[in-house]
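Going by the numbering used here, the sequence shown opens with residue 19, and the numbers climb by one from there. Where a beta carbon is used, it is the ideal one built from N, C-alpha and C, also for glycine. Take a look at the structure below.
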Amino acid sequence: MLNPFVAELSEDHFQIEVVLDALERELAPTLPIPEPFLSQAIQFLHEFGDEYHHFKEEEVFFPFLASQGVRVEAGPIARMLGDHAELRRLLAGIVDLLPLLRKQEQRTARALRQLVSRYVRLLRNHIEEEESMQYELSQSLLNEDTGLMLSDIVGRRVANRVSAARLAELRSFAAACQQHVELDECYSLAKV
Ligand SMILES: [Fe+2]
Ligand SMILES: [Fe+2]
């Protein structure tokens, strides 16, 4: 049985990836940048991806691994923490450019696409590496009991950061992105 805490992290990863897919598709260079969607997707990545998901890893998961003797100053966990910092930096750069987008400058649109594409690439690679790390750990350090304990700690600590109602809204944004991608795939199949 998949460890409940690992399953929770993987479910978060899936929802984040769905939004990354939609973001990449909507920001195709041949199309005008859809500003309302971009703002919502960036808000999702900030609140769900960073404030909620990275918080779970940084404040609960990685400290637990450290308590079990896993090194955090070097190796995969140090790399994961470095990625989180770089992702925050890129997201802040994207947020800074958003108000300029309304002026419809080509230069801003190009800079924005570059930053978004770096962000998407880094986060996808990051998730891939975390998924394999989690899988390996779930074979050794993470049994069902520790998984339940970590889920319980996360449930209590996360409630102070993101409300259940807000989480439900963010998840439904990811579901809408997924549905849109699936619909689009149906249309492109129908065109063949
Ligand atoms: Fe992470
Ligand atoms: Fe993660």
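In the DSSP assignment, residue 93 falls within the unbroken alpha helix (DSSP H) covering 93-119. Residue range 124-157 is occupied by the alpha helix (DSSP H) that includes residue 154. Considering only 87, 54, 179 and 152, the residue with the shortest C-alpha distance to residue 116 is 54. The DSSP-derived three-state label of residue 88 is coil. The Cβ atoms of residue 94 and residue 26 do not sit closer than 8 angstroms to each other. Judged by their CB atoms, residue 104 and residue 179 are not nearer to each other than the 8 angstroms cut-off. The criterion of a C-beta distance shorter than 8 angstroms is satisfied by residue 38 and residue 142.
About 18 angstroms separates the beta carbon of residue 35 from that of residue 112, a gap too long to meet the 8 angstroms contact definition. Between residue 22 and residue 149, the beta carbon gap of about 16 angstroms keeps them out of contact (Cβ cut-off 8 angstroms). Between the stretch 164-174 and the stretch 120-138 there are fewer than three C-beta pairs closer than 8 angstroms, too few to call the two in contact.
Looking only at 199, 187, 200 and 197, the smallest Cα-Cα distance to residue 58 is reached by 187. Annotated three-state conformation of residue 57 is helix, per DSSP.
The beta carbon of residue 24 sits closer than 7 angstroms to the beta carbons of 152, 156, 160 and 165 from its chain, once the five residues preceding and following it are set aside; these are given in chain order. Counting along the chain, the unbroken alpha helix (DSSP H) around residue 34 starts and ends at 22-44.
With respect to the 8 angstroms criterion, residue 33 and residue 73 are not classified as neighbours on the basis of their beta carbons. At the C-beta level, residue 40 and residue 199 come within 8 angstroms of one another.
Distance from the C-beta of residue 64 to the nearest heavy atom of ligand 2 is not below 7 angstroms.
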